[in-house]
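Chemist:
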Amino acid sequence: MMNVCFQCGIYRADKIIDPAGPFAICPECGFKHPFLQLPLLIVSGASGAGKSTVCQRLTSRITQAVLLDSDILWRSEFNSPETNYREYFETWLRLCKNISQSGRPVVLFGAGAGVPENLEGCIERRYFSAMHYLALVCSDSSLSERLQARPVWRGTRDAKYIEEHIRFNRWFKEYVGEPEIERLDTTNTLPDETVAQVAAWIHKRAGEADADRISR
Ligand SMILES: [Zn+2]
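For the sequence shown, the positions run 3 to 218 when the working numbering is used.
Right under this line is the structure:
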């Protein structure tokens, strides 16, 4: 449990990061805790863009990183758009930080995780060397078709739901800013090809992290 100081025992999520170690320094007693500062990889996109399919298909095939779907921790208590869902994303970053201590970066799949302002302001953000964002995008019509093709129980055929996700899909396509969001257009791509492209992106980003650690 990294947030509890090994020397004074006080819980502080807001440790001071010394990249030289890297160390997480306790603000109470100054204890320097060495840790692995790995990147966090985010695969995002609107509902229907293909995140879940890719996550499911790659989870058993990629061993260089730990792939997780952010929906697994979702609960109604986390539903606070007014705070950018802060508690939810602090929980996720804390979990990813702890998983990273085993030496493999996490690839987090989720819609909200792909909005940089949801993550970049979190206290736990400091424990990652970088955040790499990839968004799966497609044309409005193909997003709509994919949502309409899902089983009724998922509620994605509802006109309001489709409209909301078309807007979100456009937001990813039009986003310009820092940090950068890389985009992968899946409109005319077969699922196998999308899976392979995302796998290549993960290998590249995780490979950079390995090279960075070896050179230290
Ligand atoms: Zn301490």
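Each residue gets a CB set at the ideal place from its N, CA and C atoms; glycine is no exception.
1) What is the DSSP secondary structure of Ser223, counted as helix, strand or coil?
2) Verify the contact flag: Leu12, CB atom, against every heavy atom of ligand 1, threshold strictly below 7 Å.
3) Can you list, in chain order, the residues of its chain whose CB lies under 7 Å from that of Gln199, leaving out five sequence neighbours each side?
4) Can you tell me where the alpha helix (DSSP H) holding Arg96 begins and where it ends?
5) Return the first residue and the last residue of the alpha helix (DSSP H) that Arg148 is part of.
6) Does the beta-carbon of Lys99 have 16 or more other beta-carbons within 10 angstroms, so that it is buried, or is it exposed?
7) Spatial neighbours of Phe37 within its chain, please: CB distance less than 6 Å, with the 5 preceding and 5 following residues excluded, ordered by chain position.
8) Going by beta carbon distance, what residues of the same chain come within less than 6 Å of Tyr129, once the five residues before and after it are set aside?
9) Can you give me the C-alpha to C-alpha distance between Pro24 and Phe33, rounded to a whole angstrom?
10) With H, G and I counted as helix, E and B as strand and the rest as coil, what does DSSP make of Arg77?
11) Please look up how many angstroms separate the CB atoms of Ser131 and Pro41, rounded, as I've assumed it's under 8 Å.
12) Here's the rule: buried if 16 or more other CB atoms are within 10 angstroms of the residue's CB, otherwise exposed. What is Ile183?
13) Which residues does DSSP list as the beta-bridge partners of Arg185?
14) Decide yes or no for the touch test of the segment 60–70 against the segment 160–176: beta carbon pairs closer than 8 Å, at least 3 of them.
15) Skipping 5 residues on each side, what residues in its chain have a beta carbon closer than 7 Å to that of Asp73?
16) Shorter than 7 Å, the distance from the beta carbon of Gln150 to the closest heavy atom of ligand 1, or not?
Modeler: Taking the geometry as given:
1) Past the boundaries of the shown model lies residue 223; the chain is included only from 3 to 218, so the question cannot be answered.
2) The question names Leu, but residue 12 is Ile in the sequence shown. It does: the Cβ of Ile12 is within 7 Å (strictly closer) of some heavy atom of ligand 1.
3) These residues qualify, in order along the chain: Leu186.
4) Where Arg96 is concerned, the enclosing alpha helix (DSSP H) stretches over Arg88 to Ser102.
5) Counting along the chain, the alpha helix (DSSP H) containing Arg148 begins and ends at Asp142 to Gln150.
6) By the 10 Å Cβ count, Lys99 comes out buried.
7) These residues qualify, in order along the chain: Ala26.
8) Only Lys99 meet the Cβ criterion.
9) Computed Cα separation, rounded: 13 Å.
10) Coil.
11) Their Cβ separation, rounded to whole angstroms, is 5 Å, which keeps Ser131 and Pro41 in contact under 8 Å.
12) Burial call: buried.
13) According to DSSP, Arg185 bridges with Ala137.
14) Fewer than three pairs of CB atoms, one per stretch, sit closer than 8 Å, so the segment 60–70 makes no contact with the segment 160–176.
15) Cβ contact annotation for Asp73 (same chain, cutoff 7 Å, sequence separation greater than five): Gly112, in chain order.
16) No - ligand 1 has no heavy atom lying nearer than 7 Å to the Cβ of Gln150.
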